[in-house]
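Taken in order, these protein sequences are the chains called A and B. Heads up, the first sequence is in the UniProt record's numbering, so the first residue is 1 and it goes up one at a time. Heads up, the second sequence is in the UniProt record's numbering, so the first residue is 1 and it goes up one at a time. Glycine included, each C-beta is placed from N, C-alpha and C at the ideal position.
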Amino acid sequence: MPEVKTIFKEVLPKQQLSMEDVSTMVLCKPKLLPLKSVTLEKLEKMQIEAQEAVRQQELAMKEQ
Amino acid sequence: MEVTMDPLFLAWSYFRRRKLQQCSDICTKILQENPYDQAAWSLKTRAMSEMVYIDEVEVDEEGIAEMMLDESSIAQVARPGTSLRLPGTSQGGGPTPAIRPMTQSGRPITGFVRPSTQSGRPGTMEQAIKTPRTASTARPVTSASGRFIRLGTASMITNPDGPFINLSRLNLAKYSQKPNMSRTLFEYIFHHENDVKNALDLAAQATEHAQFKDWWWKVQLGKCYYRLGLYREAEKQFRSALNHQEVVDTYLYLAKVYQRIDQPVTALNLFKQGLDHFPGEVTLLTGIARIHEEMNNISSATEYYKDVLKQDNTHVEAIACIGSNHFYTDQPEIALRFYRRLLQMGVYNCQLYNNLGLCCFYAQQYDMTLSSFERALALAGNDEEQADVWYNIGHVAVGIGDLTMAYQCFKLALAFNNDHAEAYNNLAVLELRKGRIDQSKAFLQTAASLAPHMYEPHFNLSILSEKIGDLQSSYTAAQKSENAFPEHVDTQQLLKQLQQHFAEL
Numbered sequence: 001m002p003e004v005k006t007i008f009k010e011v012l013p014k015q016q017l018s019m020e021d022v023s024t025m026v027l028c029k030p031k032l033l034p035l036k037s038v039t040l041e042k043l044e045k046m047q048i049e050a051q052e053a054v055r056q057q058e059l060a061m062k063e064q
Numbered sequence: 001m002e003v004t005m006d007p008l009f010l011a012w013s014y015f016r017r018r019k020l021q022q023c024s025d026i027c028t029k030i031l032q033e034n035p036y037d038q039a040a041w042s043l044k045t046r047a048m049s050e051m052v053y054i055d056e057v058e059v060d061e062e063g064i065a066e067m068m069l070d071e072s073s074i075a076q077v078a079r080p081g082t083s084l085r086l087p088g089t090s091q092g093g094g095p096t097p098a099i100r101p102m103t104q105s106g107r108p109i110t111g112f113v114r115p116s117t118q119s120g121r122p123g124t125m126e127q128a129i130k131t132p133r134t135a136s137t138a139r140p141v142t143s144a145s146g147r148f149i150r151l152g153t154a155s156m157i158t159n160p161d162g163p164f165i166n167l168s169r170l171n172l173a174k175y176s177q178k179p180n181m182s183r184t185l186f187e188y189i190f191h192h193e194n195d196v197k198n199a200l201d202l203a204a205q206a207t208e209h210a211q212f213k214d215w216w217w218k219v220q221l222g223k224c225y226y227r228l229g230l231y232r233e234a235e236k237q238f239r240s241a242l243n244h245q246e247v248v249d250t251y252l253y254l255a256k257v258y259q260r261i262d263q264p265v266t267a268l269n270l271f272k273q274g275l276d277h278f279p280g281e282v283t284l285l286t287g288i289a290r291i292h293e294e295m296n297n298i299s300s301a302t303e304y305y306k307d308v309l310k311q312d313n314t315h316v317e318a319i320a321c322i323g324s325n326h327f328y329t330d331q332p333e334i335a336l337r338f339y340r341r342l343l344q345m346g347v348y349n350c351q352l353y354n355n356l357g358l359c360c361f362y363a364q365q366y367d368m369t370l371s372s373f374e375r376a377l378a379l380a381g382n383d384e385e386q387a388d389v390w391y392n393i394g395h396v397a398v399g400i401g402d403l404t405m406a407y408q409c410f411k412l413a414l415a416f417n418n419d420h421a422e423a424y425n426n427l428a429v430l431e432l433r434k435g436r437i438d439q440s441k442a443f444l445q446t447a448a449s450l451a452p453h454m455y456e457p458h459f460n461l462s463i464l465s466e467k468i469g470d471l472q473s474s475y476t477a478a479q480k481s482e483n484a485f486p487e488h489v490d491t492q493q494l495l496k497q498l499q500q501h502f503a504e505l
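Next comes the structure, spelled out in structure tokens:
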């Protein structure tokens with residue numbers, strides 16, 4: 001079958017026979033996300049609330 | 001006629017039901033009518049400290065100044081296995097950075113974060129100063145300028161009439177004589193006002209009044225000394241408190257002191273001593289496991305976490321740490337069981353769904369993968385979390401061979417968090433596959449400067465430079481890669497090749 005031959009070509013290694021030793025680029029690994037402790041969550045919540053309160057007060061100051 | 005409840009009783013009821021703001025409001029009213037009502041005053045201090053209370057055992061934020069100008073260290077270079085600062089030296093048989101990502105301090109990432117593990121200890125001054133540039137790892141200059149101060153000032157600002165108790169006008173000597181009021185007052189000063197110096201004064205006078213026989217005041221003194229950075233004094237107070245009364249908390253505080261002055265082995269011994277008095281105590285076992293984990297001894301950390309689970313099978317930290325350990329030791333299906341258990345227990349957040357998604361994908365349960373990630377995205381609270389989830393979806397895309405989608409995912413990760421070094425590195429690899437060498441090189445350089453602790457960008461840069469014939473840059477990059485991950489075989493081979501090249505010249 002001549003048309004099949006045109007589709008599939010044999011692959012011959014040009015540089016070396018073994019491809020095992022060629023160093024390739026590495027991807028960074030998938031990252032499991034650490035769960036947060038209750039204390040940390042509370043700290044973050046308190047900080048966000050505090051920032052929000054400060055922002056509100058500053059807004060109120062500007063309006064005055 | 002309407003029968004009204006006694007306001008103080010109502011306030012107590014609110015306090016017990018943790019409706020602290022209402023409790024404090026009622027107390028304020030009582031105090032307006034009768035400023036000398038001690039019960040209301042004491043209850044209000046308790047409610048206000050309860051509002052900002054955080055577990056003191058958990059709080060530990062080390063600033064740059066504490067880290068770099070450290071006077072408590074005995075030796076410049078500690079012997080292997082005796083220091084928390086040289087995490088790479090212990091042989092725990094844990095996974096290498098080739099499998100498990102590292103934190104900035106060169107420790108494998110853990111399954112659980114606490115305030116103290118949030119950002120590990122950087123190795124050099126240069127690194128320490130550099131770190132705050134990325135938003136997610138900002139570190140205060142000293143712990144005195146850290147969260148405590150910010151929270152303290154915030155509590156003042158929100159109150160338009162000024163602070164509830166004016167500390168500078170307070171006669172501490174008078175209050176220290178009244179044991180039923182001094183304790184609530186101390187907790188208010190310590191937790192709400194964050195005024196450690198006044199708290200210390202009060203504690204010192206109160207302990208004197210108790211004729212140095214009250215363990216509670218000694219523990220409070222120790223806490224104040226710890227906050228002020230006087231670790232040896234803190235140690236003395238805690239030790240003395242333990243002589244009066246064996247309390248689990250005191251063991252935890254004392255161990256915290258030892259960890260801060262970098263004596264993990266003493267801390268471990270102390271925990272074991274504590275376990276003799278309180279067999280099977282979960283917090284002590286967790287403490288041991290944490291130290292092993294920080295010393296990079298993952299396998300024994302896991303053993304202790306398993307002991308924790310034998311005592312308390314709903315311990316989130318233990319489940320998460322064992323789960324992540326299984327994931328990175330190539331057993332994603334077992335990790336999946338642990339994370340599923342967390343889900344059953346009612347943990348419902350972005351991190352958990354992200355981890356479930358990854359475990360499902362690598363355990364070949366493809367039906368659940370994308371829906372887990374969708375939930376993770378929906379639950380993400382901030383841009384950093386969003387970026388991490390997209391980064392992991394990128395990995396799934398790489399896994400199924402859809403490189404276009406992977407490219408878009410990593411781009412999205414960068415759109416959410418411009419400092420995501422891992423995404424830069426992976427994007428560089430994809431760019432190189434498309435043949436865009438310059439773009440790839442730029443991404444790698446960015447990744448390397450953002451995260452000098454990771455070996456991947458250095459190694460990739462080294463390979464890329466070698467391919468385009470820039471041997472000098474290849475060599476310097478390979479050296480950096482070797483510093484970050486000395487056991488990496490490919491880096492060593494590359495270095496050897498390059499050295500041969502240079503020798504032939």
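Range covered by the alpha helix (DSSP H) that runs through residue i
i, result
"Val57 (chain B)", "It is not in any alpha helix (DSSP H) - Val57 (chain B) carries neither H nor E in the DSSP assignment."
"Glu187 (chain B)", "179–187"
"Thr4 (chain B)", "Segment: none, Thr4 (chain B) is in no alpha helix (DSSP H) and carries neither H nor E."
"Tyr353 (chain B)", "350–362"
"Gln408 (chain B)", "403–416"
"Glu333 (chain B)", "332–344"
"Asp249 (chain B)", "248–260"
"Ala421 (chain B)", "421–433"
"Val11 (chain A)", "Val11 (chain A) -> no alpha helix (DSSP H), and no H or E assigned at all."
"Arg239 (chain B)", "231–244"
"Ile322 (chain B)", "316–328"
"Leu167 (chain B)", "Unbroken run through Leu167 (chain B): none, as it is neither H nor E."
"Lys223 (chain B)", "215–228"
"Phe373 (chain B)", "366–379"
"Lys19 (chain B)", "That residue, Lys19 (chain B), is in no alpha helix (DSSP H); it is neither H nor E in DSSP."
"Leu202 (chain B)", "196–209"
"Gly394 (chain B)", "383–399"
Under the three-state DSSP convention, the category residue i falls into
i, result
"Val26 (chain A)", "coil"
"Met454 (chain B)", "coil"
"Glu487 (chain B)", "coil"
"Asp470 (chain B)", "coil"
"Met48 (chain B)", "helix"
"Met295 (chain B)", "coil"
"Tyr279 (chain B)", "For the sequence presented, residue 279 (chain B) should be read as Pro rather than Tyr. Coil."
"Tyr36 (chain B)", "coil"
"Asp312 (chain B)", "coil"
"Thr96 (chain B)", "coil"
"Ser83 (chain B)", "coil"
"Arg290 (chain B)", "helix"
"Leu464 (chain B)", "helix"
"Gly120 (chain B)", "For Gly120 (chain B), the predicted structure reports a pLDDT of 45, less than 50, and the residue's modelled location is therefore unreliable. A value from the coordinates is still provided. If DSSP states are grouped into helix, strand and coil, Gly120 (chain B) belongs with coil."
"Gln500 (chain B)", "helix"
"Phe271 (chain B)", "helix"
Residue i vs residue j beta-carbon contact at 8 Å
i, j, result
"Cys359 (chain B)", "Gly381 (chain B)", "no"
"Tyr253 (chain B)", "Val57 (chain B)", "yes"
"Gly481 (chain B)", "His453 (chain B)", "In the sequence as presented, Gly is not what sits at residue 481 (chain B); that position holds Ser. Cβ atoms of Ser481 (chain B) and His453 (chain B): not closer than 8 Å."
"Leu403 (chain B)", "Ala421 (chain B)", "no"
"Asn460 (chain B)", "Val26 (chain A)", "yes"
"Asn426 (chain B)", "Cys28 (chain A)", "yes"
"Met221 (chain B)", "Leu242 (chain B)", "For the record, residue 221 (chain B) in the displayed sequence is Leu; it is not Met. Not in contact: Leu221 (chain B) and Leu242 (chain B) (Cβ atoms no closer than 8 Å)."
"Ala397 (chain B)", "Ala406 (chain B)", "yes"
"Tyr304 (chain B)", "Ile319 (chain B)", "no"
"Thr28 (chain B)", "Leu185 (chain B)", "no"
"Val248 (chain B)", "Gly274 (chain B)", "yes"
"Tyr424 (chain B)", "Leu414 (chain B)", "yes"
"Gly399 (chain B)", "Phe361 (chain B)", "yes"
"Gln259 (chain B)", "Val282 (chain B)", "no"
According to DSSP, residues forming a beta bridge with residue i
i, result
"Leu35 (chain A)", "B:Phe112"
Check whether the segment 329–337 of chain B touches the segment 281–294 of chain B, taking contact to mean three or more Cβ pairs, one atom from each stretch, closer than 8 Å. no
Taking contact to mean at least 3 C-beta pairs separated by less than 8 Å, is the segment 4–15 of chain B in contact with the segment 39–52 of chain A? Judged by pairs of C-beta atoms under 8 Å, the segment 4–15 of chain B does not touch the segment 39–52 of chain A, as fewer than three such pairs exist.
Assess contact between the segment 254–266 of chain B and the segment 36–48 of chain B, defined as three or more Cβ pairs (one per stretch) separated by less than 8 Å. Is contact present? no
Can you confirm whether the segment 437–455 of chain B touches the segment 33–41 of chain A when touching is taken to mean that 3 or more C-beta pairs between the two stretches lie within less than 8 Å? no
When the Cβ atoms of the segment 299–314 of chain B are set against those of the segment 332–340 of chain B, are three or more pairs found closer than 8 Å? no
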